[in-house]
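Undergrad: One structure is given below, represented as structure tokens, and several questions about it will come after.
Residue numbers (the working numbering): 12 to 156.
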């Protein structure tokens, strides 16, 4: 349902959030998130244009989050790279369909619910130290007693 670009953007943002504000290069992020570096570079620049990440040039440069993870939602990230497309008018352009028909109303209601859910899901919720299975990390086996 969501584009590969949105998936890659979410991986990158979660990775940056879990790396304590340390600048991370495109190659470091690409390796950790399993995103092709060239594609990731485009995603990171889109996130930068939206003000979600900051790029620092130079020897110790890299990307960091420009917005604290507790203030950054999944919806913010998705909208920065590939916004959710709501249905605001009849997709067929039919006469008499100034309001959405029941089918398209139901589909748009689902999209609204997705937006609301993602708007309420902060990136900080995916912190690797708060979850039993951390995003983008191998699962640690439990010690046997």
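Ideal placement from N, C-alpha and C gives every residue a C-beta, glycine not left out.
Near residue 95, what residues of its chain come up, given a Cβ to Cβ distance below 7 Å and the 5 sequence neighbours on each side ignored?
TA: The residues are 89, 122, 125, 126.
Undergrad: Just mark residue 63 as buried or exposed, buried being the case when its beta carbon has 16 or more other beta carbons within 10 Å.
TA: With 16 or more other Cβ atoms within 10 Å, it is buried.
Undergrad: Quick one: is residue 73 buried, meaning 16 or more other Cβ sit within 10 Å of its Cβ, or exposed?
TA: It is buried - the Cβ of residue 73 has at least 16 other Cβ atoms within 10 Å.
Undergrad: If you drop the 5 nearest sequence neighbours on each side, which residues of the same chain put their C-beta closer than 7 Å to that of residue 115?
TA: Result list for residue 115: 98, 101, 102, in chain order.
Undergrad: Roughly how many whole angstroms lie between the Cα atoms of residue 131 and residue 81?
TA: Cα-Cα distance, rounded: 11 Å.
Undergrad: Please state the DSSP three-state secondary structure of residue 132.
TA: If DSSP states are grouped into helix, strand and coil, residue 132 belongs with coil.
Undergrad: Report the CB separation of residue 20 from residue 58 in whole angstroms; it is logged as a contact under 8 Å.
TA: Indeed they touch by this definition, with Cβ atoms about 6 Å apart.
Undergrad: Hey, quick one: how far does the alpha helix (DSSP H) through residue 59 stretch, first residue to last?
TA: Unbroken alpha helix (DSSP H) run through residue 59: 48 to 60.
Undergrad: Residues in the same chain with beta-carbon distance under 8 Å from residue 78, minus the five sequence neighbours each way, listed in chain order, please.
TA: Closer than 8 Å at the Cβ level, and outside the excluded window around residue 78, lie 62, 63, 87.
Undergrad: Would you report the Cα separation of residue 92 and residue 134, rounded to the nearest angstrom?
TA: Those two C-alpha atoms are separated by around 16 Å.
Undergrad: Quick one: what does DSSP say residue 37 is sitting in, helix, strand or coil?
TA: Three-state DSSP puts residue 37 in a helix.
Undergrad: Put residue 74 into one of helix, strand or coil per three-state DSSP.
TA: Three-state DSSP puts residue 74 in a strand.
Undergrad: From the DSSP output, in three-state form, read off residue 65 for me.
TA: Residue state, collapsed to three classes: strand.
Undergrad: List in chain order: all unbroken alpha helix (DSSP H) runs of 4+ residues lying wholly within the region 82 to 135.
TA: With a minimum length of 4 residues, the continuous alpha helix (DSSP H) runs that stay inside the region 82 to 135 are 85 to 92, 113 to 130.
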